[in-house]
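Enquirer:
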Amino acid sequence: MVDNSQSISAVNASGVTVPDPAPDLAAPQPPASTAWFEEARFGLFVHFGLYSMAARHEWVRSRETMSQEAYDRYLHRFDPDLFDARQLARTARESGMRYAVLTTKHHDGFCLFDSALTDYTSVRATGRDLVREFVDAMRAEGLRVGFYYSLLDWHHPDFTVDEHHPLRGTDAEKEPRDMARYRAYMEGQIRELLTGYGDIDLLFFDFTYPQKGPEAWGAEQLRSLVRELRPGILVNDRLGIPGDYVTPEQYQPDRPLERDGERVLWEACHTLNGSWGYDRDNHDYKDPALLVRMLVESVACGGNLLLNVGPTGRGALDPRARATLRDIAGWSALHSRSVHGAGPSAFTPPPNALYTRRGRHLYLHLLAWPLKHLHLPGLAGRVRYAQFLHDGSEIRFQEMDQAPPEHNNLAPQSQPSGTLTLTLPIARPDVLLPVIELELDGPGTEA
Ligand code: GLC
Numbered sequence: 419m420v421d422n423s424q425s426i427s428a429v430n431a432s433g434v435t436v437p438d439p440a441p442d443l444a445a446p447q448p449p450a451s452t453a454w455f456e457e458a459r460f461g462l463f464v465h466f467g468l469y470s471m472a473a474r475h476e477w478v479r480s481r482e483t484m485s486q487e488a489y490d491r492y493l494h495r496f497d498p499d500l501f502d503a504r505q506l507a508r509t510a511r512e513s514g515m516r517y518a519v520l521t522t523k524h525h526d527g528f529c530l531f532d533s534a535l536t537d538y539t540s541v542r543a544t545g546r547d548l549v550r551e552f553v554d555a556m557r558a559e560g561l562r563v564g565f566y567y568s569l570l571d572w573h574h575p576d577f578t579v580d581e582h583h584p585l586r587g588t589d590a591e592k593e594p595r596d597m598a599r600y601r602a603y604m605e606g607q608i609r610e611l612l613t614g615y616g617d618i619d620l621l622f623f624d625f626t627y628p629q630k631g632p633e634a635w636g637a638e639q640l641r642s643l644v645r646e647l648r649p650g651i652l653v654n655d656r657l658g659i660p661g662d663y664v665t666p667e668q669y670q671p672d673r674p675l676e677r678d679g680e681r682v683l684w685e686a687c688h689t690l691n692g693s694w695g696y697d698r699d700n701h702d703y704k705d706p707a708l709l710v711r712m713l714v715e716s717v718a719c720g721g722n723l724l725l726n727v728g729p730t731g732r733g734a735l736d737p738r739a740r741a742t743l744r745d746i747a748g749w750s751a752l753h754s755r756s757v758h759g760a761g762p763s764a765f766t767p768p769p770n771a772l773y774t775r776r777g778r779h780l781y782l783h784l785l786a787w788p789l790k791h792l793h794l795p796g797l798a799g800r801v802r803y804a805q806f807l808h809d810g811s812e813i814r815f816q817e818m819d820q821a822p823p824e825h826n827n828l829a830p831q832s833q834p835s836g837t838l839t840l841t842l843p844i845a846r847p848d849v850l851l852p853v854i855e856l857e858l859d860g861p862g863t864e865a
């Protein structure tokens, strides 16, 4: 739904290159306020609102061109009795996530926070400031906090009716609407969000499209306001002007992203099943092993993964989401050091494998299980010790120019010199994605 092509193609157009031979040492140091983001690598996205009750995608009001009155049936019955921010925060932390981003207001305009500028809030509807609950709970679990804020607002009377608006094609198109007043409303709400809830780490604006862009949003002004209120905050790129990081949505970049030859921070956001809001009859769930692989792919390309959950109309995670996060948690508990604080490596991995690197450690993620031997080009003389990450068991290795001796009389296959060969067990470890930790030695491998 979102048009990311601008930011991403701008990055791609400037030419994406592979890292130089010692990127882990040579990469420019980010300013302090972004360091946490790179270190964190994995975050939780939470889409919750009135649309969760319809349970058929967060765009339901637009897709079904529903009038406000029709949509109000959810407002009148909104009762998030199972929305348990503390539980959500625990789940996020156990899953290996280090930050969480909540929809403070989605395109329908409904606010989960206490706003003096509208009655259309969870506080008016139920007495609960869900943003407050979320912020407190995430902080208590040691997670960084981000706010998603929709630039679109189908409830606000001054937001002009455009191609996405539920009232498109009705008389509302002819009503006088004043985007300047809407801009003032947004500024007021951003001020509320950034002054009423302590130090917020990240702001995820959403989104810019052909009919509305930086001018409609007053993007520059909004960004200055954000910076003035929270100088250290990270702002994404969906105001239609460059942000602190770029936000590929529902696809995986396969290399580090650059703009004008400089690496940029990025975060791929992904759903569990293609919908951000709770979507009861959609069973297109991604396998937990795939999600872990996507996380590692992101890290291997210098990015983050923001993984979404859409709680039910009552505010709970559905069993499938819970099971998925439980599986991811199982993997994270044993493998998180290949992710947190890790980034791309200059070494080229063998086929069906990914490298991430953290100082003197290189992490080899095996996407397919090889038979007994795995050849690692360029690593001979560079590895001091190797072990599986899940159980700390040693992996033996040899450095040679020829295939392992027992194969020589059958089908001699020479390996390029400089190859290091690992000897692996026949049985694949029973984890979502096996990881081998290689302790590096030699020049250029200092932490
Ligand atoms: C798109 C969708 C929106 C969702 C967002 C998440 O912009 O319009 O519903 O919240 O992506 O990145």
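First residue of the sequence shown? That's 419 in my numbering, and the numbers climb one at a time after it. Beta carbons are placed, not taken as given, at the ideal position from N, Cα and C, and that holds for glycine.
1. Based on the DSSP output, what are the partners of Val653 in its beta bridges?
2. With C-beta atoms as the reference, is Leu850 less than 8 angstroms away from Pro706?
3. Below 7 angstroms, is the gap between the Cβ of Glu581 and the nearest heavy atom of the ligand GLC?
4. Kindly examine the ligand GLC and report whether one of its heavy atoms sits closer than 7 angstroms to the Cβ of Trp572.
5. Could you tell me the alpha carbon to alpha carbon distance between Asn726 and Tyr703, rounded to whole angstroms?
6. Candidates Leu561, Gln805, His574: which alpha carbon is nearest Asp617's?
7. Using alpha carbons as the reference points, say which of His475, Pro584, Thr689 lies closest to Gln670.
8. Could you pull out every residue in the same chain whose Cβ sits closer than 7 angstroms to the Cβ of Met556, ignoring the five residues on either side in sequence?
9. Suppose contacts are defined by Cβ-Cβ distances below 8 angstroms. Is Pro632 in contact with Ile651 by that definition?
10. Report the start-end ranges of each beta strand (DSSP E) in the stretch 683 to 724 that is 3 residues or longer and not cut off at the edges.
11. If we ignore side chains and look at the alpha-carbon of each, how far apart do Asp490 and Leu807 end up?
12. Quick one: residues in its chain with C-beta nearer than 8 angstroms to the C-beta of Asp873, no 5 flanking neighbours on either side, listed in chain order?
13. Does at least one heavy atom of the ligand GLC sit under 7 angstroms from the Cβ of Cys687?
14. Across the stretch 640 to 649 and the stretch 673 to 683, are there enough close Cβ pairs to call them in contact, namely three or more that are closer than 8 angstroms?
15. Flag His494 as yes when its Cβ comes closer than 7 angstroms to any non-hydrogen atom of the ligand GLC, and as no otherwise.
16. Tell me which residue opens and which closes the alpha helix (DSSP H) that His574 is part of.
17. Short check: CB of Phe466 to CB of Thr536, under 8 angstroms?
18. Where does Gly433 fall in DSSP's three states?
19. Which whole-angstrom value describes the C-beta separation of Trp454 and Asp619, a residue pair presumed to lie in contact below a C-beta threshold of 8 angstroms?
20. Since Glu605 is in the alpha helix (DSSP H), which residue starts that stretch and which ends it?
21. Is the closest heavy atom of the ligand GLC to the C-beta of Phe565 under 7 angstroms?
22. According to the neighbour-count rule (16 or more other Cβ atoms, all chains shown, within 10 Å of its Cβ), is Thr435 buried or exposed?
23. Check this for me: beta carbons of Thr665 and Glu685, under 8 angstroms apart or not?
24. Please state if the CB of Ser763 and the CB of Leu780 are separated by a distance shorter than 8 angstroms.
25. Specify, as a first and last residue, the run of the beta strand (DSSP E) that Phe806 falls within.
26. Between Asp526 and the ligand GLC, is there a pair consisting of the residue's CB and a ligand heavy atom that are separated by less than 7 angstroms?
27. Let me make sure I understand the geometry here. Which of Tyr567, Leu794, Arg511 has the alpha-carbon closest to that of Leu462?
28. With a threshold of 7 angstroms on Cβ separation, who are the neighbours of His793 within its own chain once the five nearest residues in sequence on each side are excluded?
29. Count the other CB atoms within 10 Å of the CB of Gln607; is the residue buried (16 or more) or exposed (fewer)?
30. Name the two residues that bound the continuous beta strand (DSSP E) containing Thr841.
31. Can you tell me whether Ala444 is helix, strand or coil according to DSSP?
32. By Cβ distance below 6 angstroms, which residues in the same chain neighbour Ala445 in space, the five residues on each side in sequence not counted?
33. Could you round the C-beta distance between Phe460 and Arg516 to whole angstroms and report it? I think they count as a contact, below 8 angstroms.
Expert: According to the structure shown:
1. Partner(s): Leu621.
2. Pro706 is positioned such that its CB atom lies closer than 8 angstroms to that of Leu850.
3. It does not: the Cβ of Glu581 is nowhere closer than 7 angstroms to a heavy atom of the ligand GLC.
4. The answer is no for Trp572.
5. The C-alpha of Tyr703 is placed about 12 angstroms away from the C-alpha of Asn726.
6. When the alpha-carbon of Asp617 is set against those of Leu561, Gln805, His574, the nearest one is in Leu561.
7. Of His475, Pro584, Thr689, the residue nearest in Cα terms is Thr689.
8. Apart from the 5 residues on each side of it in sequence, Met556 sits with its Cβ closer than 7 angstroms to the Cβ of Ala507, Ala518, Val563 in its chain, given in chain order.
9. With contacts defined as CB atoms closer than 8 angstroms, Pro632 and Ile651 fail to qualify as a contacting pair.
10. Qualifying beta strand (DSSP E) stretches, in chain order: 683 to 688.
11. Roughly 52 angstroms between the two C-alpha positions.
12. The structure shown has nothing for residue 873, since the chain only spans 419 to 865.
13. Under cutoff, so the answer is yes.
14. With the cut-off at 8 angstroms, the stretch 640 to 649 and the stretch 673 to 683 do not touch.
15. Flag unset: Cβ of His494 not near the ligand GLC.
16. Segment: none, His574 is in no alpha helix (DSSP H) and carries neither H nor E.
17. Taking 8 angstroms as the cut-off, the beta carbon of Phe466 is found no closer than this to the beta carbon of Thr536.
18. Below a pLDDT of 50, predicted positions are generally treated as unreliable, and Gly433, at 29, falls in that range; the measurement from the model is reported next regardless. The DSSP-derived three-state label of Gly433 is coil.
19. Beta-carbon to beta-carbon, Trp454 and Asp619 are separated by about 7 angstroms, close enough to satisfy the 8 angstroms threshold.
20. Counting along the chain, the alpha helix (DSSP H) containing Glu605 begins and ends at 597 to 614.
21. In this structure, the ligand GLC has no non-hydrogen atom nearer than 7 angstroms to the beta-carbon of Phe565.
22. Reliability fails at Thr435, whose pLDDT of 30 lies under 50, so the model's placement of it is uncertain and no value is given.
23. In this structure, Glu685 lies closer than 8 angstroms to Thr665 by Cβ.
24. In this structure, Leu780 sits near Ser763, with a CB-CB distance shorter than 8 angstroms.
25. If you look at Phe806, you'll find it in the beta strand (DSSP E) that goes 801 to 806.
26. No, since every heavy atom of the ligand GLC falls outside the 7 angstroms radius drawn around the Cβ of Asp526.
27. For Leu462, the nearest C-alpha among the options comes from Arg511.
28. Excluding positions up to five away in sequence, the list reads Pro768, Gln833, Thr837, Thr839.
29. The residue is buried, with at least 16 neighbouring Cβ atoms inside 10 Å.
30. For Thr841, the enclosing beta strand (DSSP E) stretches over residues 838 to 841.
31. The pLDDT assigned to Ala444 is 38, lower than 50, so where the model puts this residue is not dependable; a value taken from the coordinates is nonetheless given after this. If DSSP states are grouped into helix, strand and coil, Ala444 belongs with the helices.
32. At Ala445, the pLDDT of 42 sits below 50, so the modelled position is not reliable; the number obtained from the coordinates is stated separately. Cβ neighbours of Ala445 beyond the five flanking positions: none.
33. Rounded to whole angstroms, the Cβ separation of Phe460 and Arg516 is 6 angstroms, and the two are in contact under 8 angstroms.
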